[in-house]
Ligand code: E4P
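In my numbering, the protein residues as written are 98 to 366.
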């Protein structure tokens, strides 16, 4: 499974690439805002160029902010033209369905935009996927990646069932029971179940589209995303750090360090 860093923070992205564990970057408008707010004064063009250069040879997703089909197509093409020459690694992130309440006929504009951009060889990461059906249609329209939002489905199931929860807590992939029924959203028992169903459907029907598990908030979700065959997981920097931790690792190091024979160290001085 490839590991992407889900961040627009240059320091985090740099670190993940220095560690040699990053296979790509995903950004979204909220992550971009967080990075910009942190820095106060920023030349956004130069800043994004730096991200692209660090990630050279691996995909970087940049999201559109327009919501109509034509708006997304035009903006997607402009973003690609502006940034892809930097390191040839830009993917345009398009919401599967940029729906707002009381949306008009542009409601399903995402699919049209995916088709139009893919047709001119601009790779698309289709975002905000909450059902396997959305993933299937995005793949049909030509998306290179589909991004099911695991954590947000877990939030949705718990909110709908009036459960109190902490967003980063583990939600079992097999779902949670209430009485004798497993809670679900139209047959989706958990975020990881959503990822698994997307993987199965796209594999069963021979799509080249890769499943990019997004909105992962803890290490067990990452493990499960890998177990169910996600092609990619995109992870906040904090989750990447957590993946390296275990109390027995620290304890082991403490004990080994205590036992070091000075002559052994001298051999390498
Ligand atoms: C990735 O592309 C998504 O934008 C991101 O993983 C969303 O994560 P969140 O639900 O924790 O905000």
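Beta carbons: idealized from backbone N, C-alpha and C, even for Gly. Computed from a predicted structure; not experimentally measured.
Quick one: give me the first and last residue of the beta strand (DSSP E) that residue i is part of.
{"i": "residue 159", "result": "157-160"}
{"i": "residue 103", "result": "99-103"}
{"i": "residue 121", "result": "121-123"}
{"i": "residue 242", "result": "242-245"}
State the Cα-Cα distance for the pair residue i and residue j, rounded to the nearest angstrom.
{"i": "residue 182", "j": "residue 253", "result": "39 Å"}
{"i": "residue 121", "j": "residue 138", "result": "26 Å"}
{"i": "residue 136", "j": "residue 240", "result": "33 Å"}
{"i": "residue 307", "j": "residue 351", "result": "42 Å"}
{"i": "residue 206", "j": "residue 272", "result": "32 Å"}
{"i": "residue 328", "j": "residue 358", "result": "45 Å"}
{"i": "residue 296", "j": "residue 195", "result": "23 Å"}
{"i": "residue 113", "j": "residue 320", "result": "18 Å"}
{"i": "residue 197", "j": "residue 161", "result": "16 Å"}
{"i": "residue 163", "j": "residue 278", "result": "40 Å"}
{"i": "residue 289", "j": "residue 275", "result": "19 Å"}
{"i": "residue 336", "j": "residue 265", "result": "10 Å"}
{"i": "residue 152", "j": "residue 287", "result": "31 Å"}
{"i": "residue 334", "j": "residue 117", "result": "14 Å"}
{"i": "residue 99", "j": "residue 227", "result": "21 Å"}
{"i": "residue 212", "j": "residue 301", "result": "22 Å"}
{"i": "residue 129", "j": "residue 342", "result": "28 Å"}
{"i": "residue 283", "j": "residue 345", "result": "41 Å"}
{"i": "residue 291", "j": "residue 348", "result": "37 Å"}
{"i": "residue 103", "j": "residue 124", "result": "6 Å"}
{"i": "residue 303", "j": "residue 355", "result": "55 Å"}
{"i": "residue 285", "j": "residue 210", "result": "27 Å"}
{"i": "residue 170", "j": "residue 217", "result": "11 Å"}
{"i": "residue 326", "j": "residue 243", "result": "14 Å"}
{"i": "residue 119", "j": "residue 165", "result": "33 Å"}
{"i": "residue 270", "j": "residue 255", "result": "13 Å"}
{"i": "residue 258", "j": "residue 268", "result": "14 Å"}
{"i": "residue 360", "j": "residue 338", "result": "34 Å"}
Assuming residue i and residue j make a contact with CB atoms under 8 Å, what is their CB distance in whole Å?
{"i": "residue 245", "j": "residue 310", "result": "6 Å"}
{"i": "residue 186", "j": "residue 229", "result": "No, residue 186 and residue 229 are not in contact; Cβ-Cβ is about 28 Å, not under 8 Å."}
{"i": "residue 101", "j": "residue 331", "result": "4 Å"}
{"i": "residue 177", "j": "residue 158", "result": "About 12 Å; that fails the 8 Å criterion."}
{"i": "residue 248", "j": "residue 324", "result": "Not confirmed; about 17 Å, so no contact."}
{"i": "residue 214", "j": "residue 184", "result": "The pair is not a contact, with the Cβ atoms about 19 Å apart (cut-off 8 Å)."}
{"i": "residue 250", "j": "residue 224", "result": "Not a contact, Cβ separation roughly 14 Å."}
{"i": "residue 369", "j": "residue 208", "result": "Here the chain covers residues 98 to 366 and nothing more, so residue 369 does not appear."}
{"i": "residue 280", "j": "residue 236", "result": "At roughly 28 Å, the Cβ-Cβ gap does not stay under 8 Å, so residue 280 and residue 236 are not in contact."}
{"i": "residue 340", "j": "residue 316", "result": "5 Å"}
{"i": "residue 231", "j": "residue 193", "result": "5 Å"}
What residue does the alpha helix (DSSP H) around residue i start on, and which one ends it?
{"i": "residue 300", "result": "288-301"}
{"i": "residue 269", "result": "No alpha helix (DSSP H) contains residue 269, which DSSP labels as neither H nor E."}
{"i": "residue 128", "result": "126-136"}
{"i": "residue 110", "result": "107-116"}
{"i": "residue 282", "result": "Neither: residue 282 is in no alpha helix (DSSP H) and is coded neither H nor E."}
{"i": "residue 366", "result": "Counting along the chain, residue 366 falls outside any alpha helix (DSSP H), and DSSP gives it neither H nor E."}
Quick check: does the Cβ of residue i come within less than 7 Å of any heavy atom belonging to the ligand FAD?
{"i": "residue 315", "result": "With respect to the ligand FAD, the structure shown offers nothing to examine, as its ligands consist of the ligand E4P."}
Any alpha helix (DSSP H) of 4 or more consecutive residues that is wholly inside the region 139-222: 141-151, 166-184, 206-216
Whole runs of the beta strand (DSSP E) within the region 296-357, excluding any shorter than 3 residues: Runs of the beta strand (DSSP E) inside the region 296-357: 307-310, 329-332.
Touch test, the region 106-114 against the region 144-154, Cβ-Cβ under 8 Å, three pairs minimum: yes
Every unbroken beta strand (DSSP E) within the region 226-265, with a cutoff of 3 residues, ordered by chain: 242-245
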